[in-house]
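Structure first, then comments.
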Amino acid sequence: MVTMPLTPADIRNKKFHTVRFRPGYNEGDVDALLDRVEATLLTLDGGPRKGDLITADEVRGARFRTTRFGPGYREDEVDDFLDRIVSELAGRGLGRAAPSGPPPLPPRPEPEPAAPRAPDPGRPGTSAPASPRMSATSVRNKQFAITRLTTGYNEKEVDDFLDRAEFTLTMLAEGRPDRATLSATDVERVQFATTRARPGYDPEQVDLFLDALAEELRRYEGVR
Numbered sequence: 019m020v021t022m023p024l025t026p027a028d029i030r031n032k033k034f035h036t037v038r039f040r041p042g043y044n045e046g047d048v049d050a051l052l053d054r055v056e057a058t059l060l061t062l063d064g065g066p067r068k069g070d071l072i073t074a075d076e077v078r079g080a081r082f083r084t085t086r087f088g089p090g091y092r093e094d095e096v097d098d099f100l101d102r103i104v105s106e107l108a109g110r111g112l113g114r115a116a117p118s119g120p121p122p123l124p125p126r127p128e129p130e131p132a133a134p135r136a137p138d139p140g141r142p143g144t145s146a147p148a149s150p151r152m153s154a155t156s157v158r159n160k161q162f163a164i165t166r167l168t169t170g171y172n173e174k175e176v177d178d179f180l181d182r183a184e185f186t187l188t189m190l191a192e193g194r195p196d197r198a199t200l201s202a203t204d205v206e207r208v209q210f211a212t213t214r215a216r217p218g219y220d221p222e223q224v225d226l227f228l229d230a231l232a233e234e235l236r237r238y239e240g241v242r
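Structural data, given as structure tokens:
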């Protein structure tokens with residue numbers, strides 16, 4: 019089945035069922051996001067630009083207040099429509115937002131491919147385990163399934179932790195363990211906030227990945 023491209027009119031005319039006495043999305047929050055999506059599509063179609071274009075990442079990470087006793091939009095209908103919007107924006111070249119400020123973590127180096135560095139016998143603690151099982155690139159590209167109606171892990175907290183893991187593996191691979199910001203113990207003890215009425219990362223997948231990450235860090239720690 020071929021999905022037709024979304025148009026500004028599709029966004030402007032979209033209607034959701036409302037719910038009462040059970041969780042729903044705040045209507046004003048959802049409408050404000052859709053206004054930005056409509057303006058973005060108008061710009062992409064050759065219309066005037068009004069403000070910053072919204073990206074697929076921003077839509078994917080959108081969070082709405084929930085209602086219970088007042089009317090709110092059905093969460094599953096909104097989530098399904100936002101999935102279509104994410105696909106549309108990504109397909110039209112608006113996948114990720116440009117960074118708006120300095121990152122909260124140390125800058126992640128992008129080393130050029132080079133031959134593996136031999137351990138320096140004059141610098142203790144610079145050895146790296148042979149054939150690492152997990153690389154900084156694999157951490158950067160790691161994706162988890164999204165939960166919607168069951169408990170999930172807060173996506174931003176997990177993503178921020180993976181940034182630290184990527185930086186740590188980069189430093190260890192370069193023989194600079196003194197700059198690593200994570201240890202195997204840190205990984206084993208980390209805890210994330212959980213979500214239920216909103217999207218979150220699948221806890222089982224995240225936990226399995228953390229187990230593998232802790233094991234990889236222990237391999238580095240064992241050769242120091």
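In case it helps, the working numbering puts the sequence shown at residues 19 to 242.
Beta carbons are placed, not taken as given, at the ideal position from N, Cα and C, and that holds for glycine.
A direct Cα-Cα distance of roughly 47 Å separates Met22 from Asp204.
By the Cβ neighbour-count rule, Pro89 is exposed, with fewer than 16 other Cβ atoms within 10 Å of its own.
Under DSSP, the beta-bridge partners assigned to Tyr91 are Thr36, Tyr43. Rounded to the nearest angstrom, the gap between the Cα atoms of Arg151 and Glu184 is 13 Å. For the 9 Å CB-CB criterion, Thr188 and Ala154 form a contact.
By the Cβ test, the segment 93-103 is in contact with the segment 37-57, since at least three Cβ pairs between them sit closer than 8 Å. Rounded to the nearest angstrom, the Cβ distance from Thr186 to Thr199 is 6 Å, consistent with a contact under 8 Å. The beta carbon of Leu51 sits closer than 6 Å to those of Ala80, all from its chain and outside the five residues before and after it, given in chain order. Per DSSP, the beta-bridge partners of Ile164 are Tyr219. A Cβ-Cβ separation of about 5 Å places Glu106 in contact with Leu24 under the 8 Å criterion. Looking at the DSSP output, Thr212 bridges to Tyr171. Distance from the Cα of Leu226 is smallest, within the candidate group Arg92, Gly240, Glu206, for Glu206.
Residue Ser201 holds the alpha-carbon nearest to the alpha-carbon of Gly240 among Gly170, Lys160, Ser201, Ala211.
Ala163 and Asp53 have their C-alpha atoms spaced approximately 28 Å apart. Rounded to the nearest whole angstrom, the CA to CA distance from Leu59 to Phe179 is 33 Å. Comparing C-alpha distances from Pro217 to each of Val176, Thr73, Phe39 shows the shortest one belongs to Val176.
Ranking Arg102, Thr73, Leu190, Tyr91 by CA distance to the CA of Gly111 puts Thr73 first. In the three-state reduction of the DSSP assignment, Thr199 falls in the coil class.
Taking 9 Å as the cut-off, the Cβ atoms of Arg78 and Val104 count as close. By the neighbour-count criterion, in which 16 or more other beta carbons inside 10 Å mark a residue as buried, Arg38 falls on the exposed side. In the structure shown, Thr84 falls within a strand segment according to DSSP collapsed to helix, strand and coil.
Apart from sequence neighbours up to five positions away, the residues of its chain that approach Thr165 with a beta-carbon distance below 6 Å are Gly218, Asp220, ordered along the chain.
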